[in-house]
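2 protein chains.
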Amino acid sequence: MFYTVGEAAKRLGVAPSTLRYYDKEGLLPFVERTDGGIRMFKQSDFEGLRLIECLKKTGMPLKDIKRFMDLCSVGDESISERLDMIDRQRERVLGQIEQLKENLQILDYKHWYYETAKSAGTCAVHATLTKEDIPQELRSARECLEGREAPRAVNQ
Amino acid sequence: MFYTVGEAAKRLGVAPSTLRYYDKEGLLPFVERTDGGIRMFKQSDFEGLRLIECLKKTGMPLKDIKRFMDLCSVGDESISERLDMIDRQRERVLGQIEQLKENLQILDYKHWYYETAKSAGTCAVHATLTKEDIPQELRSARECLEGREAPRAVNQ
DNA sequence: TATTGACTTAAAGTTAACTTTAAGTTGTAG
DNA sequence: CTACAACTTAAAGTTAACTTTAAGTCAATA
Chain E
-1 MFYTVGEAAK RLGVAPSTLR YYDKEGLLPF VERTDGGIRM FKQSDFEGLR
49 LIECLKKTGM PLKDIKRFMD LCSVGDESIS ERLDMIDRQR ERVLGQIEQL
99 KENLQILDYK HWYYETAKSA GTCAVHATLT KEDIPQELRS ARECLEGREA
149 PRAVNQ
Chain D
-1 MFYTVGEAAK RLGVAPSTLR YYDKEGLLPF VERTDGGIRM FKQSDFEGLR
49 LIECLKKTGM PLKDIKRFMD LCSVGDESIS ERLDMIDRQR ERVLGQIEQL
99 KENLQILDYK HWYYETAKSA GTCAVHATLT KEDIPQELRS ARECLEGREA
149 PRAVNQ
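Have a look at this one:
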């Protein structure tokens, strides 16, 4: 029925010290103790822990996660503020995915660049190539690497 | 023709101290200096800087980025090792995108959860709902939060 | 009941990636 | 030629998120 901190940590794939640290920081107000002071993680605690994992993996700092957990503790009056936090995090994740996709394109371009250089035996081959030699779908990434900004005037 | 560290930093949207730090750590072997020791960033340096930005934003640690830059410095003999690093980073980014999408589903579920609770005025409404009340596309995220793992036996 | 492995806390240590500070130098504008 | 803003380095400081250590307690088993 209950898990100790070591068992819970194993189930979650984290170090026991991490869970103790989170608890100390106030992220786990829902975890109860035995009379002797031993933490007892119950089945329902893992839902909170999985949400923490989700927020953490999407880049939310621990102090904001604590803020969310504090809101959970105050009850129904904080529902819309919790909803706001979730919505803002959703927006951030959508942005992160977009940014990763852009960076993936740059990596795709670099993959092509080094594949081509590898075949030729030298990076110098790229001096002999024109824009048309670059695969269509990699051209925008190439331009991004070159720098989209208008080159600023010299002494200005 | 050339940018100082402050101008380059502004163009890249980072602090000048960040560029000096990267230089000190060996990430910018391509940046030349005036006789007086002032860094001169040329147009072509920004391509290297943008790649560093890309690697950093996809989570590569600075020491690995330095490794990549060191490989660039040795010339053509390191082409296939550079290709390997790029390919490994591509794999990592694909994994990151997948993970963000999974976590986004959990946030989507939580969005629905709090929207529903907000309408009802209480989170208690969820006790009255059955699986069928959860929108189809959010059910798997819900199960993820509940914990997929088989509940382990009590005293074991 | 004694042992033992896992638990407890508080405090100090670690790591990455910067940022700040201090003391001094460079180079452009007046 | 002097001011002065922006540059230089080395070293120390910061922050987040843990991890480790030390000293002690709990509770299940022999």
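Chains as they are written, first to last, in the working numbering: chain E, -1 to 154; chain D, -1 to 154. Beta carbons are placed, not taken as given, at the ideal position from N, Cα and C, and that holds for glycine. These numbers were taken from a predicted model, which means no experiment stands behind them.
- Inclusion of Leu25 (chain E) and Ile63 (chain E) in the CB contact set at 8 Å is warranted, their separation being smaller than that value.
- If you check the CB distance, Ile77 (chain D) and Tyr20 (chain E) do not come in under 8 Å.
- Straight across, the Cα-Cα distance linking Leu53 (chain E) with Asp106 (chain D) is about 12 Å.
- One finds nothing in chain D with a Cβ atom closer than 8 Å to the Cβ of Gly34 (chain E); even the nearest lies about 17 Å away.
- Here Asp43 (chain E) has Phe28, Val29 as same chain residues with Cβ atoms under 7 Å from its own Cβ, once five neighbours each way along the sequence are excluded.
- Cβ proximity to chain D below 7 Å picks out Asp74, Ile77, Ser78, Arg80, Leu81, Ile84, Asp85 from the segment 66 to 86 of chain E.
- In the displayed model, Phe28 (chain D) falls within coil according to three-state DSSP, outside both helix and strand.
- Contact residues of the segment 19 to 50 of chain E toward chain D are Gln41, Phe44, Glu45, Arg48, Leu49 (C-beta to C-beta distance below 7 Å).
- With fewer than three CB-CB distances shorter than 8 Å, the segment 63 to 72 of chain D does not count as touching the segment 86 to 106 of chain E.
- For Lys8 (chain D), the enclosing alpha helix (DSSP H) covers residues 3 to 10.
- In the structure shown, the three-state DSSP call for Met58 (chain D) is coil.
- When rounded, the separation of the alpha-carbon atoms in Arg80 (chain E) and Cys121 (chain D) is 11 Å.
- Restricting attention to D:Gly57, D:Arg86, D:Leu10, D:Ile36, the CA atom closest to the CA of Gly46 (chain D) is found in D:Leu10.
- In the three-state reduction of the DSSP assignment, Met83 (chain D) falls in the helix class.
- It is roughly 23 Å from the alpha-carbon of Ile50 (chain D) to the alpha-carbon of Gln97 (chain D).
- Per the coordinates, the alpha-carbon of Glu135 (chain D) lies some 33 Å from the alpha-carbon of Met58 (chain D).
- Around the beta carbon of Gln87 (chain D), 16 or more other beta carbons lie within 10 angstroms, which makes this residue buried.
- Taken atom to atom, the span from the alpha-carbon of Glu75 (chain D) to that of Ala118 (chain E) is near 12 Å.
- Thr2 (chain E) is outside the set of residues whose beta carbon lies under 8 Å from a beta carbon in chain D.
- Across the set E:Ile95, E:Ala115, E:Thr2, the C-alpha of E:Thr2 shows the shortest separation from the C-alpha of Gly34 (chain E).
- Secondary structure at Met38 (chain E): strand, using DSSP grouped into helix, strand and coil.
- DSSP places Lys129 (chain E) in no alpha helix (DSSP H); its state is neither H nor E.
- Residue contact check for Thr120 (chain E) against chain D: a CB pair falls below 8 Å.
- No Cβ of chain D is located within less than 8 Å of the beta carbon of Gly11 (chain E).
- Listed in chain order, the non-local C-beta contacts of Arg31 (chain D) below 8 Å within the same chain comprise Arg37, Met38, local neighbours out to five positions each way being set aside.
- Listed along chain D is no residue with a C-beta nearer than 7 Å to that of Ala6 (chain E); the closest approach is about 11 Å.
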